[in-house]
Every structure is written in C-alpha cells, then in structure tokens.
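Single-structure report; data block below.
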C-alpha cells in the first residue's frame, strides 16, 4: 500500500533496459528481480505477518493445538493480499499522475518505466487470485467467519487504489489499516486456529493496528506536498503537518494500553512488548523536531520495524 503501511520499498533499482526487452543476460535478469522486489515494498511486508503470528499465538496460549498448515496458508494469503495491494497502488497512482519526479519517496517502478502498466495490473490481479484460491482451504478450516474476513480483505485491498473513490485518496486510509492489519488479521487468525472468538484477540489487534496505521500516516506526511498538488485529501492533508505529528505520536504510543490490558487479563508476558516503547518515543521525537525531507524514508522504515518488533514481542509474550 501506499499504505502502509507501505511506501518504504527501499531505494529504487538502477535504471535498466525496458523490462520487455528480449535478453538472457544474467545482469538484466537480476535487475528485473530487483525491480519486482522493489514493487512489492518489502520493508513493510512485516505488517501482514505479525498479526497472523499474534492471533495464532493467542489461540495456542488458550490451549488450541497449532494448525501449522493453516498458519502457513494464512501467512501466504496475508502477504499475497498486501503485495497485490502494493502493486495495484503502484500502477493506479501512475495512471492518475500522482507519482512524479518531485516526490520525496522512492520512485515507483511503473512511473519510472521499469514495468509496463498492463504487466503490473496482471501481477496485482495474479496476487489477489492466488490469495483467493489459497483462502478456499482456510474457509474449509475456519468456516464462514474466515470467508467474510477474506473477501472483505480482498475487496479492501483492491479498493485501496481502485474505483472512483480510492481509499488511499481519502482520509480513511489509517482506519483501513487499523482494521485490516490489526483487528481483522489478529482476530481472524485466532479464529482460524481455535474456532472460537476471544476478546484478547481484538485487544491484540488494536495493539498491532495502531502502529501499522502510523506507517501509512508517516508515508502520507512525507508525500504531503505531492498529495496536495494532485488533489489527494488524505488524513494528513486534512489535519496539516502539526496535528498529523500529534496523531502519529498517539498511534505509536497508545499500543501500550492494549498491551497493559492483556497483562491485566492474565497474560503478564504481554508486558515484554513494552520494550518497544523507548524506540517509539524516539521516533515520535524525531518526527516532531525535523522538517520534512528525504530522511522521512528512514522514518517510515523505522516505524515499520517498530510495529514488527511490537508484534513479535507480543506474540512471544502471550505464550508464556
């Protein structure tokens, strides 16, 4: 996603021959591979992984046997949906003229001419179809709740950049991330393993959804000038820089509350996740002190790392 969770795809690959050029050169093949990886935006893919791990860990801690095949399939589905969303966002922004050479963030592969738009569209659709087909096996395990969660996630992934009113062009992107990269992902993964609902899964989903939303917010904070030029009315564009920084602080620091709630509800190991708090405070202070610039690419990547670390520590802690 321009999402997310997700403009931190790393530095763009060096200029290369058009991807359609017929050649068997190993160097060109490597460049194409790097282009493909860059389009996936790998630095934020952890946002899809940690909710599945946390939901499964909570189910295991409650006594449910670990269904390893379901865990791996859920991880694959989550990654496919996020990658498909990122690829679709890349080509959709190119077609709308949103990404240009003035943006601070990494140049997108479609806008750079490294991949043809139709190729990117086919790749994104392929990811969504693969997730749908793999999800059929999960529906067989988890029933209609998994069916609803899966279809909603696929629809949201496509609508993030598609349709006449893309989610990414409005003020609801952060809420979208909180819901689907937090609440739905953790609660759905817990249900898949246990077959029962649990309040702790929703609490854990809130803990992960908040910093995941912060990844998108700092992405839009970085791209604010370009979004204003192209008419995108993101949450940051509506709030302005000063208030957006306060929202970022809330998204990074408030996860401590659901972590404390899990500890209060009989999972003291959840407190392990509070080790991320000093890192989060440091990121909040840095965003508040420095003017916008290319350094925000590192801020975005660091925010994604903080979110991933929180998820991993929380998953490990709840199993104590």
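Residue numbers (my numbering): 21 to 340. Backbone N, C-alpha and C define an ideal beta-carbon position, used for all residues, glycine too.
Q: Would you kindly check if the distance between the Cβ of residue 323 and the Cβ of residue 267 is under 7 Å?
A: no
**Q.** Residue range of the alpha helix (DSSP H) that includes residue 70
**A.** 66 to 81
Q | Cβ-Cβ distance between residue 296 and residue 274 below 7 Å | A | no
Q) Distance, Cα to Cα, residue 257 vs residue 190? A) 9 Å
Q: Measuring alpha carbon to alpha carbon, tell me which of 282, 145, 202, 243 ends up nearest residue 179.
A: 145
Q. For residue 181, does the three-state DSSP call read helix, strand or coil?
A. coil
Q: Quick one: residues in its chain with C-beta nearer than 7 Å to the C-beta of residue 169, no 5 flanking neighbours on either side, listed in chain order?
A: 204, 208
Q) From residue 91 to residue 149, what distance separates their C-alpha atoms? A) 19 Å
Q.
Determine whether the beta carbon atoms of residue 271 and residue 230 lie at a separation below 7 Å.
A. yes
Q: Jot down the residue ranges of each uninterrupted beta strand (DSSP E) in the stretch 140 to 214, minimum 3 residues, whole runs only, in chain order.
A: none
**Q.** Inter-residue spacing [alpha-carbon to alpha-carbon] between residue 279 and residue 291
**A.** 6 Å
Q) Under 7 Å, do residue 202 and residue 228 count as touching if we go by C-beta distance? A) yes
Q: Following the continuous alpha helix (DSSP H) through residue 302, name the residue where it begins and the one where it ends.
A: 297 to 309
(Q) At the level of alpha carbons, what is the spacing between residue 69 and residue 99? (A) 7 Å
Q. Helix, strand or coil: how does DSSP classify residue 221 here?
A. helix
Q. Does DSSP classify residue 95 as helix, strand or coil?
A. helix
Q) Cα separation between residue 282 and residue 335? A) 12 Å
Q. Are residue 61 and residue 106 closer than 7 Å when you measure CB to CB?
A. yes
(Q) Between 63, 326, 194, which has its C-alpha nearest residue 259's C-alpha? (A) 194
Q) Excluding the five sequence neighbours on either side, which residues of its own chain have a C-beta within less than 8 Å of the C-beta of residue 223, listed in chain order? A) 278, 281, 282, 285
Q: Could you please give the first and the last residue of the uninterrupted alpha helix (DSSP H) stretch that includes residue 272?
A: 261 to 273
Q: Pick out whichever of 192, 313, 325, 81 has its Cα sitting closest to the Cα of residue 246.
A: 313
Q: Enumerate in chain order the residues of its own chain whose CB-to-CB distance from residue 117 is below 8 Å, with the five nearest sequence positions on each side excluded.
A: 250
Q: Could you check how far apart the C-beta atoms of residue 215 and residue 265 are, in whole angstroms? I think they sit under 8 Å.
A: Contact flag wrong, Cβ pair sits at about 43 Å.
(Q) Quick check: residue 3 and residue 200, are their CB atoms within less than 7 Å of each other? (A) There is simply no residue 3 to check, as the chain begins at 21 and stops at 340 in what is shown.
Q.
I need the DSSP call for residue 9, collapsed to helix, strand or coil.
A. The question about residue 9 has no answer, for the chain in this structure spans 21 to 340.
Q: Evaluate residue 74 with the Cβ neighbour count: other Cβ atoms within 10 Å of its Cβ, from every protein chain shown; 16 or more gives buried, anything less gives exposed.
A: buried
Q | Residue burial classification, residue 171 (beta-carbon count within 10 angstroms, cutoff 16) | A | exposed
Q) Should residue 135 and residue 141 be called a contact, given that it needs their Cβ atoms to be closer than 7 Å? A) no
Q: In angstroms with no decimal places, state the Cα-to-Cα distance between residue 175 and residue 59.
A: 20 Å
Q.
Considering just the uninterrupted stretch of the alpha helix (DSSP H) at residue 280, what are its terminal residues?
A. 276 to 284
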